[in-house]
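Per the numbering used here, residue 39 is the first one in the first sequence, and the count goes up by one each step. Everything on this sheet refers to the single structure shown next.
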Amino acid sequence: MPKLDDIVAEPAVALALDTIKIGKQALVFANTKRSAEKTAEEISKKISGIELKELSENVMHVLSKPTKQCERLAKCVKKGIAFHHAGLTHKQRELIEDNFRNGSIKIICCTPTLAFGLDLPAYRVVLKDMKRYGQRGYAWIPVLEAHQMFGRAGRPNYDQEGQAICMAATDSEKENIWERYILGKPEEIYSKLAVEPVLRTYLLSLIAADFVNTKKQIIDFFKKTFWAFQFGDIETLNAIIERMLELLEEWELIMSGEKDDFKDASKLNDESYRATRIGKRVAELYIDPLTAYFILTCLRNASSRKVNAFSFLQLISHTLEMRPLLRVRAKEHDKIQEALLKEDSFLLEEEPSMYEPEYEDFLNSIKTALTFNDWINEKDEDFLLEEYNIRPGELNVKLDLADWLLYAAEELTRMLQFQSLIKEILRLRLRLKYGVKEELLPLVRLENIGRARARKLYFNGIKDIADVKKADMMKLAQIIGRAIALNVKEQVGEEIKEIKPGKRKGQINLSDF
DNA sequence: GGACGGTGAAACTTCAGGTTGCCTC
DNA sequence: GAAGTTTCACCGTCC
């Protein structure tokens, strides 16, 4: 156990050690991922007598090749200490949460992830930093958020009490914290409809579902929302909705007035609206109408341009849904520019001028697209972390978004009847899903064959299903292991000639998997 | 005298998270 | 704002 003279440098570390000493658990909230990781490391360095070897191994090997993050986490976890943030893989998060609940892990150093939506109480909660860098610079964290963290303190049914401790560097800061977070009121809650992309998404949905059609109905509907109640000024609200309707019409997602091509034109007067065919689909896909318009414009451009995987990767990377994008760091600037030069003839949007304010965002979209591009060219998580500073967990979230947006793009392509592009997008979605070059696509269709095994097979001359069928069982087992080899042979409908003694064809034990 | 290495101060850079959305190729 | 990283000036050492 820690000696008193050890406890000087970092109070949060001291508090964590003290928690262990009294046989309890703690959550330590930090304001950055890096800080959470570092705090966990500092604490774990001072721990002796805890050795969670198996758990540490499990945490280490969730990916085919461990990243630096995996190594750091495994090292901490071995001592019963963990860090937890959005950069971890799903599996790692699960392992940490479960082992905190069962008491193996004593301390979790985390970012606010753990305060929201996750039921993970602890005897003691430590708020290491009360300020954080955000849109308004380095500022106090919201009261609501702090309370959310306080709320993790004390485990119902186990503890009689819980402790929430805020760290203050000075007396005046202490006063400030007391005033703000204990005596002060939480922030007002604002309607999400006040955010334009949300408003136009719902406006289109309401019209597409024929829930509202006339301008009066539309206005009446929004008048009854929390947004209008909060906004107060109905005149301005009308003007906002009016402008939004104009935009949706300009983007050809809705139409107003009498239209020849509309079946029930009699019901469509100057003040009423209907969704167009594409508008209906956009509403179903639930993407922001502006994103839909952007995708449609790019797809139309695509019909007269050279197209490759990067074209579509950049397209989806430059949407609101993909935000926040990977930021181009100062020292990367030249490298990204250089990469852009190689690919810019494949871009589907007009490149903004270097002097326009949106150029930075554009360059970020290039970096994001480059990350995806490296992923589908079989670069592993470790490489992507070093090269683009994207952690495995963050990569997964982005890949998921990418798939959804590509699906939306695919659907819009269908509606435009650009047949040749559909194939290209479909292939890209598969490549993105598995993180493989095109040549591995036939192999990853098999269950239990991901990017790593597919590459091994390909390297050994087994390049498609026919090759798998032909392949000698012994050879196959050497490459991907006996159990998987058996399973794969089954999948391609091949008779299994070599069977372990005592086991008949088709009798595969669950333990083989 | 020039190349090299070590050192420390100064300048520069970076910084949380997540909700649903779609269909199964 | 703070922590981590890079840059740079400065100095001593060695050949």
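Glycine included, each C-beta is placed from N, C-alpha and C at the ideal position. Everything numeric in this text was worked out from a predicted model, so none of it was measured.
With which residues is K116 paired in a DSSP beta bridge? DSSP lists no partner for K116.
Exposure of S355, with buried meaning 16 or more beta-carbon neighbours within 10 Å: By the 10 Å Cβ count, S355 comes out buried.
Does DSSP put L286 in a helix, in a strand, or in coil? In this structure, L286 counts as helix in the three-state DSSP scheme.
I need the boundaries of the alpha helix (DSSP H) containing K166, first residue and last residue. Per DSSP, K166 belongs to no alpha helix (DSSP H) and is neither H nor E.
Could you tell me if M392 is buried or exposed, where buried requires 16 or more neighbouring beta carbons within 10 angstroms of its beta carbon? Counting Cβ neighbours within 10 Å, M392 comes out exposed, since fewer than 16 surround it.
Thinking C-beta only, is A191 closer than 8 Å to A160? Result yes, Cβ atoms of A160 and A191 sit closer than 8 Å.
Which ranges does the beta strand (DSSP E) cover as unbroken runs of at least 3 residues, wholly within the stretch 57-124, from first to last along the chain? Every beta strand (DSSP E) stretch that sits fully inside the stretch 57-124 and reaches 3 residues is listed by chain position as 64-67 and 119-122.
Backbone secondary structure at A207 - three-state DSSP: A207 falls in the coil class under three-state DSSP.
Quick check on T357: does DSSP put it in helix, strand or coil? Collapsing the DSSP output to three states places T357 in coil.
Compute the Euclidean distance between the alpha carbons of I450 and T314, then round it to the nearest angstrom. One point to set straight first is that residue 450 is Leu, not Ile, in the sequence displayed. Spanning the alpha carbons of L450 and T314 requires a straight line of approximately 13 Å.
Simplified DSSP assignment, three categories, for L145: Checking the sequence shown, residue 145 turns out to be Ile, not Leu. The answer is strand: DSSP assigns I145 an E or B state.
Go through its chain and collect everything with a Cβ distance to V46's Cβ below 7 Å, but skip five positions before and after it. Legend: pLDDT at V46 = 47, less than 50; position of this residue unreliable, value from coordinates given subsequently. Around V46: no qualifying Cβ.
Roughly how many angstroms lie between the CA atoms of T239 and K471, to the nearest whole one? Rounded to whole angstroms, T239 to K471 spans 27 Å at the Cα level.
Report the three-state DSSP secondary structure of L548 (helix, strand or coil). Caution applies to L548, whose pLDDT of 36 falls short of 50 and renders its modelled position unreliable; the value that the coordinates give is listed next. Three-state result, L548: helix.
Going along the chain, which residues of its own chain have a beta-carbon closer than 8 Å to the beta-carbon of N96, five neighbours each way excluded? Correct list, in chain order: L133.
Can you tell me whether G200 is helix, strand or coil according to DSSP? In the three-state reduction of the DSSP assignment, G200 falls in the coil class.
For T314, name the three-state secondary structure that DSSP assigns. Correct three-state label for T314: coil.
The alpha helix (DSSP H) enclosing W265, as first and last residue numbers: Boundaries of the alpha helix (DSSP H) harbouring W265: F264 to F269, taken from the DSSP string.
Assuming K253 contacts E309 (C-beta within less than 8 Å), just tell me the rounded distance between them. The Cβ separation is near 5 Å, so the contact holds.
Leaving out five residues on either side along the sequence, give the residues of the same chain with a beta carbon under 7 Å from the beta carbon of A490. The beta carbon of A490 sits closer than 7 Å to the beta carbons of S102 from its chain, once the five residues preceding and following it are set aside; these are given in chain order.
Can you pull the DSSP bridge partners for S294? Beta-bridge pairing links S294 to Y311.
Whole-angstrom C-beta distance between L364 and N402, which should lie under 8 Å: About 6 Å; that satisfies the 8 Å criterion.
Helix, strand or coil, according to DSSP, for T127 in the structure here? The answer is coil: DSSP assigns T127 none of H, G, I, E or B.
Looking at the structure shown, is A54 part of a helix, part of a strand, or coil, going by DSSP? Shown here, A54 sits in a helix according to DSSP, grouped into three states.
Using DSSP with H/G/I as helix, E/B as strand and the rest coil, what is G175? Strand, per DSSP.
Looking at the secondary structure, which residues open and close the alpha helix (DSSP H) in which N434 lies? Where N434 is concerned, the enclosing alpha helix (DSSP H) starts and stops at P430 to L454.
Measuring only the C-alpha atoms, how far is R343 from Q352? Straight through space, the alpha carbons of Q352 and R343 are spaced by roughly 15 Å.
Within 8 Å, strictly: CB atoms of T57 and R162: Yes. Within cutoff.
Could you give the C-beta distance for M511 and K527, rounded to a whole number, given that I count them as a contact under 8 Å? 7 Å between Cβ atoms; contact.
Looking at C-beta atoms only, is the number of pairs between the stretch 147-161 and the stretch 181-195 that lie closer than 8 Å three or more? Result yes; three or more Cβ-Cβ pairs closer than 8 Å.
Nearest-angstrom Cα separation, counted from Q198 out to E225: Spanning the two alpha carbons is a distance of roughly 30 Å.
Take the Cβ of E485 as the centre, count every other Cβ of all protein chains shown within 10 Å, and call the residue buried at 16 or more, exposed below. Exposed, since its Cβ has fewer than 16 Cβ neighbours within 10 Å.
Three-state secondary structure (DSSP) at D191? It is Ala, not Asp, that sits at residue 191 in the sequence shown. Here A191 sits in strand by DSSP.
Whose C-alpha, out of L53, A377 and I179, is nearest the C-alpha of I404? Answer by Cα proximity: A377.
Which residues in the same chain have their Cβ closer than 6 Å to the Cβ of I119, if we skip the five residues on either side of it in sequence? Counting only Cβ-Cβ distances below 6 Å, and skipping sequence neighbours, we find A78, I81, S82 and I145.
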